[in-house]
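Chemist: Going by numbering that gives the first Met the number 0, the residue at position 684 of the sequence shown is 683; the numbering climbs one at a time, nothing skipped. In this text, a Cβ means the ideal position worked out from N, Cα and C, and glycines have one as well.
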Amino acid sequence: MPEYTKKDLEELIIGKLRRNFGRDVDEATAIHMFKACAMVLRDIMSARQLKTEDKVQRTHARQIHYLSLEFLMGRSLMKNAYNLGVLEELKGAIEDLGFSAPDLFEIEPDAGLGNGGLGRLAACYLDSMTTLEIPATGYTICYELGIFKQKIIDGQQVELADNWLPVGDAWLIPKVDETEKVHFGGRVKDVWDENGGHRVAYEGGTDVLAIPRDMEIAGYGTEHTNVLRLWDAKSPDPVDMKLFSTGQYLKAVEQQAMAEVIAKVLYPEDNHYEGKSLRLKQQYFFVSATVQSICRKHKAEYGTLRNFHEKHVIQINDTHPTLVIPELMRILLDQEGYGWDEAWHIVTHTVAYTNHTILSEALERWPQQLIETLLPRIWQLLIEISNRYQAQLNEAFHGDQAKVRDMAVIWGGEVRMANLCICACFAVNGVSALHSEILKKDVFHDAYTQNPGKFKNVTNGIDHRRWLSEINPALDALIRECCGGDDYLLRPDAVQKLEKYRDDPSALKRLADIKAENKRAFANYVARETGIILNTDAMFDVQVKRLHEYKRQLLNVLHITYLYQRLKADPNFQFTPRVYLFGAKAAPGYAVAKQIIHLINSLSATINADPVCRDRLQVVFLENYRVSLAEKLMPASELSEQISTAGKEASGTGNMKFMMNGALTIGTLDGANVEMHQQVGDENIFLFGLKADEVAEKKARGYRSYEYYMQDAALKAVIDQIARGFDDGVAYTDLTNRLLFGNGAPADEYMLLADFASYRDAQARAGQAYLDPKDWSRMALINIARSGIFASDRSIRDYARDIWHVPVKK
Numbered sequence: 000m001p002e003y004t005k006k007d008l009e010e011l012i013i014g015k016l017r018r019n020f021g022r023d024v025d026e027a028t029a030i031h032m033f034k035a036c037a038m039v040l041r042d043i044m045s046a047r048q049l050k051t052e053d054k055v056q057r058t059h060a061r062q063i064h065y066l067s068l069e070f071l072m073g074r075s076l077m078k079n080a081y082n083l084g085v086l087e088e089l090k091g092a093i094e095d096l097g098f099s100a101p102d103l104f105e106i107e108p109d110a111g112l113g114n115g116g117l118g119r120l121a122a123c124y125l126d127s128m129t130t131l132e133i134p135a136t137g138y139t140i141c142y143e144l145g146i147f148k149q150k151i152i153d154g155q156q157v158e159l160a161d162n163w164l165p166v167g168d169a170w171l172i173p174k175v176d177e178t179e180k181v182h183f184g185g186r187v188k189d190v191w192d193e194n195g196g197h198r199v200a201y202e203g204g205t206d207v208l209a210i211p212r213d214m215e216i217a218g219y220g221t222e223h224t225n226v227l228r229l230w231d232a233k234s235p236d237p238v239d240m241k242l243f244s245t246g247q248y249l250k251a252v253e254q255q256a257m258a259e260v261i262a263k264v265l266y267p268e269d270n271h272y273e274g275k276s277l278r279l280k281q282q283y284f285f286v287s288a289t290v291q292s293i294c295r296k297h298k299a300e301y302g303t304l305r306n307f308h309e310k311h312v313i314q315i316n317d318t319h320p321t322l323v324i325p326e327l328m329r330i331l332l333d334q335e336g337y338g339w340d341e342a343w344h345i346v347t348h349t350v351a352y353t354n355h356t357i358l359s360e361a362l363e364r365w366p367q368q369l370i371e372t373l374l375p376r377i378w379q380l381l382i383e384i385s386n387r388y389q390a391q392l393n394e395a396f397h398g399d400q401a402k403v404r405d406m407a408v409i410w411g412g413e414v415r416m417a418n419l420c421i422c423a424c425f426a427v428n429g430v431s432a433l434h435s436e437i438l439k440k441d442v443f444h445d446a447y448t449q450n451p452g453k454f455k456n457v458t459n460g461i462d463h464r465r466w467l468s469e470i471n472p473a474l475d476a477l478i479r480e481c482c483g484g485d486d487y488l489l490r491p492d493a494v495q496k497l498e499k500y501r502d503d504p505s506a507l508k509r510l511a512d513i514k515a516e517n518k519r520a521f522a523n524y525v526a527r528e529t530g531i532i533l534n535t536d537a538m539f540d541v542q543v544k545r546l547h548e549y550k551r552q553l554l555n556v557l558h559i560t561y562l563y564q565r566l567k568a569d570p571n572f573q574f575t576p577r578v579y580l581f582g583a584k585a586a587p588g589y590a591v592a593k594q595i596i597h598l599i600n601s602l603s604a605t606i607n608a609d610p611v612c613r614d615r616l617q618v619v620f621l622e623n624y625r626v627s628l629a630e631k632l633m634p635a636s637e638l639s640e641q642i643s644t645a646g647k648e649a650s651g652t653g654n655m656k657f658m659m660n661g662a663l664t665i666g667t668l669d670g671a672n673v674e675m676h677q678q679v680g681d682e683n684i685f686l687f688g689l690k691a692d693e694v695a696e697k698k699a700r701g702y703r704s705y706e707y708y709m710q711d712a713a714l715k716a717v718i719d720q721i722a723r724g725f726d727d728g729v730a731y732t733d734l735t736n737r738l739l740f741g742n743g744a745p746a747d748e749y750m751l752l753a754d755f756a757s758y759r760d761a762q763a764r765a766g767q768a769y770l771d772p773k774d775w776s777r778m779a780l781i782n783i784a785r786s787g788i789f790a791s792d793r794s795i796r797d798y799a800r801d802i803w804h805v806p807v808k809k
């Protein structure tokens, strides 16, 4: 029996409409109705969160603070109702009040406070931490504009503002009384009192207020509730009245505008000084507000910060929150008056670091001059940390300056954030077994030899309650029937019981029917939104993720072009009909990625208009890929493209979502694909391409992409075609020259040409396997049954056991 009946929820919704919007149901718009529903669920979660807070204070439990510049939450109404156990009751209440529940769920904007996997991982982890009853808080910025809305105009990406707050703020609870002050710029002054005591004072500079807006996070099957704290930025002085009264109206509000721009948009472009400065401001703003808040609450409870590291773990998600290290030092030294060694002991037993990349361009480095100007006290502390660490390195490596240079925190006028994390964090973890090994053997090898116990692995995971049960109810029903109940929702490894049915004709037929129905549902959605009619009899071959060269969407394009050329040369050419679905956003300043999007759309327009391809080959670029679109697409997908260059993808989480929904993977042995392969074996995955060590070896010997071009006639024809372009007359010589000659970068840096033949063969194997529906369904069932290990509950249990040392719900 649910805690709230349909009738209870109806009465609560009506009350919200009247008190908050001055409307009766018959006067309410869909937006009013959505907000009222959100506020009702928010009230339920708030009451539970207060009880959770009381329990944490009463038991003095160790708390986890998860800092991430990205939290890609997506939509929350259905998810929160699901976790609270009132989804069916809420749907019934909405329908009884004269509204359509599906339409209401659909009008909620995605909270797009992230670019992709990093932010979605953080959202999944919050769900699992709450479900496992770990006292935890997430922290980020309350971006007014999330990741941009993508429009495709004349085949090209155009970015539009993504203003999610006017509707999405129904979930947010302002906590103005917990506002913190963050200081930028100015000059640092040493002040000595008559007793020889030292303190630091600031002259000049500006303050920005950090105002928390809290989003409650409900766990599944528990009353434990955690919080995602989003920091909003305001000026302490909204208007300079002197300037205002003299008619200088714009100048009078300039300080407010400069403060508010910090929380205006996710990731400003950093290819100019102003963009770099704003990114650094964002990073310091959110970590400073966060650490001040944690310290203030801790001191109110314990009267001291000397036991801070015993009661808190600060987990930083990638290097963006790294300034938490000098900021916590600043508070301990300047405000608490601790000595350096004591403060450093507390910091280095509090902060842990998750590394998400081995790409050198993604390992953040900040210009010395920028930090010195914007954060003068932090700069002083960074110099001291760097000098002390460098002295240790000199001693450890007997003056070997090559090793000291590689590991130094400050070198060549730059502050290296990853090295600062290695220096100061008590644990450093990679996010898949392969990635963690690369960190130890390559990226941070010298640090690993000095302190091997610091390095851990926690393979990423996904919230399987959202990414299977909630979005794929027919598959959820099949799993419950075959596995004897819903145990798998709290014990994801219980889905293994499904494998007993791997040779059961009726179970396999039902699985195939579920996939077919999901394909039809997705095709209907695409038809409604775009007018495009997808061929649901063809295999849905899907590559959706951030657009980056290492993820190799371009390799997929090379193969599709190859198929198209074969069809044009021989209309009777036999291959399994495919619908290729792409979804990707390119960073606004990433010109090559945007060119690849243009190319996909050029290819799509040509193929979809050519009669020879009808019912055999179709290419569709799904505009504005986001969480809510992924939730519709994953259940319909049949072949999952995970084709990054081996050794480049840290983990991936899209690959896990596809696997849980019964798609088979075509991929390289990269990231978590390695562990997926270990789970399902050679026969249930389509592997191809060079392995990570082979990639490194080939590069070391001198990789010549042009030789592949000259030696493979089919590949040469494909590249020549792309250089010329397709029916829209757009040539792509920049992209093909990049593959063949480099144009300022290494030629074919991500080895598309080296892997092309192997990829083409794997695609042929996948196409052949698809022709046997029963065998394909058996492979899909095995993938689902062995996917439990990729649930974020397992990831969080690993963090709790190996890094955080906190208990979890049994």
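Report all residues from its chain with a CB closer than 6 Å to the CB of Arg364; omit the five preceding and five following residues, and keep chain order.
Modeler: Glu413 and Arg415
Chemist: Pick out the complete beta strand (DSSP E) segments inside the region 594-632, 3 residues or longer, and give them in chain order.
Modeler: Qualifying beta strand (DSSP E) stretches, in chain order: 616-620.
Chemist: At the level of alpha carbons, what is the spacing between Tyr705 and Met750?
Modeler: Answer to the nearest angstrom: the Cα atoms are 11 Å apart.
Chemist: Would you say the region 630-637 touches the region 535-545, given that touching needs at least three Cβ pairs under 8 Å?
Modeler: yes
Chemist: On the DSSP letters alone, give me the boundaries of the beta strand (DSSP E) that Phe581 sits inside.
Modeler: That run of the beta strand (DSSP E) goes Arg577 to Gly582.
Chemist: Hey, quick one: how far does the alpha helix (DSSP H) through Pro101 stretch, first residue to last?
Modeler: Note, Pro101: alpha helix (DSSP H), Ala100 to Ile106.
Chemist: Can you tell me which of the three DSSP states Tyr352 falls into?
Modeler: strand
Chemist: Just the C-alpha distance for Ala765 and Asp486, rounded to the nearest angstrom, thanks.
Modeler: 33 Å
Chemist: Is there contact between the region 370-382 and the region 180-200, where contact requires at least three CB pairs shorter than 8 Å?
Modeler: Under the Cβ criterion (8 Å, minimum of three pairs), the region 370-382 counts as touching the region 180-200.
Chemist: Would you mind listing the beta strand (DSSP E) stretches within the region 318-365 that are 3+ residues and don't spill past its ends, in chain order?
Modeler: 350-353
Chemist: If we ignore side chains and look at the alpha-carbon of each, how far apart do Ala784 and Ala799 end up?
Modeler: 25 Å
Chemist: Taking 8 Å as the cut-off, does the region 423-436 touch the region 606-621 (at least 3 CB pairs, one atom from each stretch)?
Modeler: no
Chemist: According to DSSP, is Asn523 part of a helix, a strand, or is it coil?
Modeler: helix
Chemist: Any idea if Met72 is buried or exposed, counting beta-carbon neighbours within 10 angstroms, 16 or more meaning buried?
Modeler: buried
Chemist: Can you tell me which of the three DSSP states Trp222 falls into?
Modeler: Checking the sequence, you will find Glu at residue 222 rather than Trp. Coil at Glu222, not helix or strand.
Chemist: Do Gly670 and Glu696 have their beta-carbon atoms positioned less than 8 Å apart in this structure?
Modeler: no
Chemist: From what residue to what residue does the beta strand (DSSP E) around Pro491 run?
Modeler: Annotation for Pro491: no beta strand (DSSP E) segment contains it, and DSSP assigns it neither H nor E.
Chemist: Going by beta carbon distance, what residues of the same chain come within less than 7 Å of His31, once the five residues before and after it are set aside?
Modeler: Excluding sequence neighbours, His31 sits near Leu16, Phe20 and Arg22.
Chemist: Buried or exposed: where does Arg613 fall if 16 or more other Cβ atoms within 10 Å of its Cβ makes it buried?
Modeler: exposed
Chemist: Going by beta carbon distance, what residues of the same chain come within less than 7 Å of Lys544, once the five residues before and after it are set aside?
Modeler: Gly115, Lys550, Ala583 and Gly653
Chemist: Quick check on Ile684: does DSSP put it in helix, strand or coil?
Modeler: coil
Chemist: If you follow the alpha helix (DSSP H) that Val805 is part of, which residue opens it and which one closes it?
Modeler: Here Val805 belongs to no alpha helix (DSSP H), and DSSP marks it neither H nor E.
Chemist: Hey, would you say Gln281 sits closer than 8 Å to Ile146, going by beta carbons?
Modeler: no
Chemist: According to DSSP, is Ile210 helix, strand or coil?
Modeler: strand
Chemist: For Met240, count neighbouring C-beta atoms within 10 Å of its own C-beta (all shown protein chains included) and say buried if the count is 16 or more, exposed if not.
Modeler: So Met240 counts as exposed.
Chemist: With H, G and I counted as helix, E and B as strand and the rest as coil, what does DSSP make of Trp170?
Modeler: It is helical.
Chemist: Kindly indicate which three-state DSSP category Ser791 falls into: helix, strand or coil?
Modeler: helix
Chemist: Does Ser791 pass the burial test, meaning 16 or more other C-beta atoms within 10 Å, or should it be called exposed?
Modeler: Of the residues assessed, Ser791 falls on the buried side of the cut-off, its CB having 16 or more other CB atoms within 10 angstroms.
Chemist: Using 8 Å as the Cβ pair cut-off and three pairs as the minimum, do the region 399-413 and the region 382-389 touch?
Modeler: yes
Chemist: Output the boundary residues of the alpha helix (DSSP H) element that contains Glu480.
Modeler: In this chain, the alpha helix (DSSP H) harbouring Glu480 covers Pro472 to Cys482.
Chemist: Run through DSSP, which three-state label would Val181 get?
Modeler: DSSP places Val181 in strand when its eight states are reduced to three.
Chemist: Is the region 747-763 in contact with the region 706-714, if contact means three or more CB pairs nearer than 8 Å?
Modeler: yes
Chemist: If we call anything under 8 Å between Cβ atoms a contact, is Phe285 one with Tyr138?
Modeler: yes
Chemist: Which whole runs of the alpha helix (DSSP H) in the region 375-404 are 4 residues long or more, in chain order?
Modeler: Within the region 375-404, the complete alpha helix (DSSP H) runs of at least 4 residues are 375-395.
Chemist: So, with DSSP's three-state summary, where would you put Gln542?
Modeler: strand
Chemist: In whole angstroms, give me the CA-to-CA distance for Phe443 and Gly452.
Modeler: Inter-residue distance for Phe443 and Gly452 is about 13 Å (C-alpha atoms, whole angstroms).
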